[in-house]
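Protein chains in written order, with my numbering: chain A, 1 to 115; chain B, 1001 to 1113.
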């Protein structure tokens, strides 16, 4: 079965420090995309970063970067210089079926940034 | 501004009273989808539509209906809501589902009593 697993329900980090959010997935597909979405208290779902599975280079977007290990089926998100505005729930997601019809989401992780 | 608009944002209703949650997008996306978000379960897909008049079931379609008569609109219909449909609902659209960014509506918090 195609699944996305986020095993940590909650994490906390001090402002200005670095935190890594874990995500693993299971798929028999060879080519797919992986996403991290942020959901702040406003409930709006916001794309943080996207990774193409056939690209070996890890994606980066300003303070956000990923550690993509295709063989291990691991896709972690690193947030550097954490800011109070990073406090949110973060979801890992991917279309693992190859049908380009849906995103499978992990259960999400609640990140709290402490001042 | 590119956006997906859902209405209403909050809704409290009684068991069995039919309701519709509207969703509209202005990006000319062919693909639209509905998800429900529940604590500890993440987002689960209810229905999706690859184009006008083309809809298909997602992972949790029971108790829901959708229609896609126009490209921009994709309403979610609960013919006879039950308390287990109390949830946070999101509509999303995408240019290339699973490949490109999905744009989400603001969410609809539904409570069925």
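Just so it is clear, CB atoms sit at the ideal spot from N, CA and C, and this is done for glycine as well.
Integer Cβ distance of residue i from residue j, believed to fall under 8 Å
i, j, result
"residue 20 of chain A", "residue 73 of chain A", "About 16 Å; that fails the 8 Å criterion."
"residue 16 of chain A", "residue 112 of chain A", "So it is not a contact: roughly 14 Å between Cβ atoms."
"residue 1050 of chain B", "residue 1031 of chain B", "6 Å"
"residue 53 of chain A", "residue 33 of chain A", "7 Å"
"residue 1110 of chain B", "residue 1020 of chain B", "The Cβ separation is near 11 Å, so there is no contact."
"residue 1027 of chain B", "residue 1087 of chain B", "Actually they are not in contact, since the Cβ atoms of residue 1027 of chain B and residue 1087 of chain B sit about 25 Å apart, beyond 8 Å."
"residue 27 of chain A", "residue 106 of chain A", "About 13 Å separates the two Cβ atoms, so there is no contact after all."
"residue 91 of chain A", "residue 1043 of chain B", "7 Å"
Residues sharing a beta bridge with residue i, DSSP
i, result
"residue 33 of chain A", "A:52"
"residue 26 of chain A", "A:3"
"residue 89 of chain A", "A:39 and A:110"
"residue 60 of chain A", "A:65"
"residue 1044 of chain B", "B:1036"
"residue 1102 of chain B", "B:1094"
"residue 1025 of chain B", "B:1004"
"residue 1056 of chain B", "B:1048"
"residue 1074 of chain B", "Paired residues: none, contrary to the question."
"residue 1019 of chain B", "B:1078"
Residue i beta carbon near the ligand GDP (any heavy atom closer than 7 Å)
i, result
"residue 71 of chain A", "No copy of the ligand GDP appears in this structure; indeed no ligand is present at all."
Interface flag, residue i vs chain B, CB-CB below 8 Å
i, result
"residue 85 of chain A", "no"
"residue 112 of chain A", "no"
"residue 33 of chain A", "yes"
"residue 107 of chain A", "yes"
"residue 47 of chain A", "yes"
"residue 102 of chain A", "yes"
"residue 91 of chain A", "yes"
For residue i, three-class secondary structure by DSSP
i, result
"residue 1038 of chain B", "strand"
"residue 103 of chain A", "coil"
"residue 1051 of chain B", "strand"
"residue 1114 of chain B", "There is no way to answer for residue 1114 of chain B, as the model of chain B reaches only from 1001 to 1113."
"residue 84 of chain A", "helix"
"residue 1066 of chain B", "strand"
"residue 78 of chain A", "strand"
"residue 11 of chain A", "strand"
"residue 96 of chain A", "coil"
"residue 20 of chain A", "strand"
"residue 1009 of chain B", "coil"
"residue 1113 of chain B", "coil"
Cβ of residue i within 8 Å of any chain A Cβ
i, result
"residue 1001 of chain B", "no"
"residue 1008 of chain B", "no"
"residue 1096 of chain B", "yes"
"residue 1101 of chain B", "yes"
"residue 1067 of chain B", "no"
"residue 1093 of chain B", "no"
"residue 1110 of chain B", "no"
"residue 1076 of chain B", "no"
"residue 1045 of chain B", "yes"
"residue 1088 of chain B", "yes"
Neighbour list for residue i in chain C, Cβ cutoff strictly below 8 Å
i, result
"residue 70 of chain A", "Any reference to chain C falls outside this structure, whose protein chains are A and B."
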